[in-house]
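Asker: Sharing a structure with you now.
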Amino acid sequence: MKKQLLLIGGGHAHMVTLTKLHTFIDKGFGVTVIQPSEYHYYSGMGPGMLGGTYKPDDIRFATRRIVEARGGRFILGKAYSIDPLKQLVCLEGSGEEIPYDVLSCNAGSHVPRDILGEQTANVFTSKPIEELLAAREKILALCAQRTVAIGVVGSGPSSIEIAGNIHQLCRGHVAYMPNIQLFGGRSFMSGKPERVRRLARKILERKGIEIIESGYVQKIENENIFLENGASYQADIIFPAVGVRPSQIFARSGLPVGPDGGLRVNEFLQSTGYTNVFGGGDCIYFESEPLDKVGVYAVRQNPVLYQNLLNSLEGGPLEKFSPGGKYLLIYNLGDGEGVLSKWSITFSGKVAFFIKDQIDRKFIRTFQETRLSTLARVSLVDIAFAKQAFP
Ligand SMILES: Cc1cc2nc3c(=O)[nH]c(=O)nc-3n(C[C@H](O)[C@H](O)[C@H](O)COP(=O)(O)OP(=O)(O)OC[C@H]3O[C@@H](n4cnc5c(N)ncnc54)[C@H](O)[C@@H]3O)c2cc1C
């Protein structure tokens with residue numbers, strides 16, 4: 035029986051592995067990919083899809099088609115747990131067990147649901163990105179009938195981008211402009227550079243978005259947002275866009291994890307407990323230098339992960355991953371405006387968004403199926419996502 039490589043999730047850290055999947059097949063290895071959707075969405079363009087700058091097809095990779103075109107097996111499903119001793123991954127729902135010799139995990143992260151009550155109609159989390167597509171339809175439908183209140187919870191990168199792009203979606207396109215409120219905890223964008231915060235606030239407030247900073251959101255229930263200070267706000271549509279957490283698969287399976295529950299990996303992106311388990315992206319805890327949950331690291335991990343999976347199957351030496359230096363940060367705040375920051379350079383406006391748009395479009399084109407013939411030649415230098423990210 036040939037050796038089996040199993041990938042959980044076709045996320046940003048598996049892009050090179052997926053597009054070079056034929057190299058594993060050519061060497062006689064079997065490859066299986068498990069993913070809950072036939073597509074993987076590029077999160078950097080998610081808010082732009084909400085705002086209408088991009089169509090869903092512009093921002094997604096056809097994972098199933100890429101895998102099958104290259105001789106791999108695609109399983110539409112969710113990995114639930116891993117048995118590292120028997121080398122099996124158990125699927126959610128069916129309980130089917132998929133064997134592996136080498137396993138690589140890129141199952142991403144999710145928005146914690148602990149602040150959500152049972153009534154979650156019209157509540158759309160910032161991840162998975164598909165939620166933003168459903169939210170878009172709901173906003174357009176409701177805003178055609180009456181003035182609605184939309185609450186965006188969180189004041190990190192995804193929440194400010196979502197708020198700004200809701201404005202873009204509605205401006206000039208709906209009969210009734212919504213009232214958009216951003217629940218920014220105790221201090222808007224706390225922890226981010228002062229100038230970035232000031233510029234982002236200015237843009238959002240100019241759009242009429244109200245920024246509420248009187249306390250953290252404690253509960254979301256029955257179209258109400260409850261703050262820790264006892265205040266409550268009614269909202270017809272709510273976006274919880276608070277900090278993400280890694281997939282729970284690893285903690286559930288008893289693998290070594292970091293404090294956030296991410297798969298604990300060493301400098302080879304290899305589980306600290308099992309030498310034939312690897313991982314990348316938001317779902318790992320990089321032991322030597324805990325990393326921000328940004329796409330840039332997932333993208334930078336690509337070549338090392340690919341090489342180490344191949345070497346692990348073939349018995350070759352492993353390569354070390356180095357997270358690299360500071361990255362460019364650009365927010366898409368809707369209506370063609372952005373905020374850009376790197377080192378001591380920070381500015382806002384149309385040029386900032388233009389740069390992000392160019393970088394994002396280049397990245398997505400590089401990996402979309404239409405360019406499959408060129409994929410094998412792609413170098414990381416060409417991967418635009420690697421050059422920009424959220425802090
Ligand atoms: C709205 C928004 C905008 C963002 N914009 C940027 C940006 O501009 N730049 C930037 O650097 N970062 C950005 N980020 C952060 C970025 O999204 C993450 O860091 C990045 O998505 C991590 O990539 P990943 O591949 O690890 O995870 P994901 O992108 O979450 O991909 C994980 C994949 O695994 C699959 N999966 C999930 N669970 C399972 C399972 N149980 N079994 C099998 N498959 C599974 C999913 O379907 C998905 O395809 C943004 C985040 C959000 C929410």
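Positions in the sequence shown are counted from 1; adding 34 to them yields the working numbering. All C-beta atoms, glycine included, are put in the ideal place defined by N, C-alpha and C.
Say whether the segment 273-280 touches the segment 140-150, bearing in mind that this needs 3 or more beta-carbon pairs closer than 8 Å, one atom from each stretch.
Answerer: Segments in contact, yes.
Asker: Using CA atoms only, rank isn't needed, just tell me which of Gly313, Gly82 and Lys54 is closest to Leu367.
Answerer: If we check each option's Cα against that of Leu367, Gly82 comes out closest.
Asker: In its own chain, which residues sit with a C-beta less than 7 Å from the C-beta of Ser266, not counting the 5 before and 5 after it?
Answerer: Around Ser266: Asn258, Ile259 and Phe260.
Asker: Which word fits Tyr210, buried or exposed, when buried means at least 16 other C-beta atoms lie within 10 angstroms of its C-beta?
Answerer: Counting Cβ neighbours within 10 Å, Tyr210 comes out exposed, since fewer than 16 surround it.
Asker: Any chance you could list the beta strand (DSSP E) runs of at least 3 consecutive residues sitting entirely within the segment 304-390, in chain order?
Answerer: Segments of the beta strand (DSSP E) lying fully in the segment 304-390: 311-313, 318-320, 363-366, 372-376 and 379-383.
Asker: Spatial neighbours of Tyr250 within its chain, please: C-beta separation below 6 Å, excluding the five flanking residues on both sides.
Answerer: Contacts found: Gly219 and Glu262.
Asker: Count Cβ pairs between the segment 227-238 and the segment 119-133 that sit closer than 8 Å; are there 3 or more?
Answerer: Too few Cβ pairs lie closer than 8 Å, so no.
Asker: So is Gln268 buried or exposed if we call it buried at 16+ other beta carbons inside 10 Å?
Answerer: Result: exposed.
Asker: What does a CB cutoff of less than 7 Å around Gly167 pick up in its chain, not counting 5 residues either side in sequence?
Answerer: Residue 167 is actually Leu in this sequence, not Gly. Answer for Leu167: Met83 and Pro90, listed in chain order.
Asker: Determine the direct distance from the alpha carbon of Met223 to that of Arg231, and round the result to whole angstroms.
Answerer: The alpha-carbon atoms of Arg231 and Met223 are separated by roughly 6 Å.
Asker: At which residues does the beta strand (DSSP E) containing Pro274 begin and terminate?
Answerer: Ile271 to Pro274 is the extent of the beta strand (DSSP E) around Pro274.
Asker: Residues bridged to Cys139 by DSSP?
Answerer: DSSP, once it has assigned bridges, lists Ile42 and Gly313 as partnering Cys139.
Asker: Would the beta-carbon of Ile109 fall within 8 Å of that of Ile68?
Answerer: Against a cut-off of 8 Å, the Cβ pair of Ile68 and Ile109 comes out as a contact.
Asker: Counting along the chain, where does the beta strand (DSSP E) carrying Leu176 start and finish?
Answerer: Looking at the DSSP string, Leu176 is not in any beta strand (DSSP E); the run it does join, the alpha helix (DSSP H), is Glu164 to Cys177.
Asker: Is Asn140 near ligand 1, going by C-beta to nearest heavy atom under 7 Å?
Answerer: Yes, the Cβ of Asn140 comes within 7 Å of a heavy atom of ligand 1.
Asker: Am I right that Gly78 and Gly329 are in contact with their C-beta atoms under 8 Å? What's the rounded C-beta distance?
Answerer: About 6 Å; that satisfies the 8 Å criterion.
Asker: Thr66 bridges to which residues according to DSSP?
Answerer: Bridge partners of Thr66: Leu40 and Arg107.
Asker: Just verifying my parser: in three-state terms, what is the DSSP assignment at Asn263?
Answerer: In this structure, Asn263 counts as coil in the three-state DSSP scheme.
Asker: In terms of DSSP beta bridges, what is Glu255 paired with?
Answerer: The partner list for Glu255 (beta bridge, DSSP) reads Asn258.
Asker: Between Pro337 and ligand 1, is the CB less than 7 Å from at least one heavy atom?
Answerer: The answer is no for Pro337.
Asker: What first and last residue would you give for the alpha helix (DSSP H) that runs through Gln202?
Answerer: Where Gln202 is concerned, the enclosing alpha helix (DSSP H) stretches over Pro191 to Cys204.
Asker: With a 10 Å radius around its C-beta and 16 neighbouring C-beta atoms as the bar for buried, classify Ser115 as buried or exposed.
Answerer: By the neighbour-count rule (16 or more Cβ atoms within 10 Å), Ser115 is buried.
Asker: Bridge partners of Asp117, per DSSP?
Answerer: DSSP output for Asp117 lists Leu122 as bridge partner(s).
Asker: With a CB to CB cut of under 7 Å and the five nearest residues on each side skipped, what residues in its chain are close to Val291?
Answerer: Here the set comprises Phe284, Ala285, Leu297, Arg298 and Tyr319.
Asker: If you run the structure through DSSP and keep just helix, strand and coil, what is Ala285?
Answerer: In this structure, Ala285 counts as helix in the three-state DSSP scheme.
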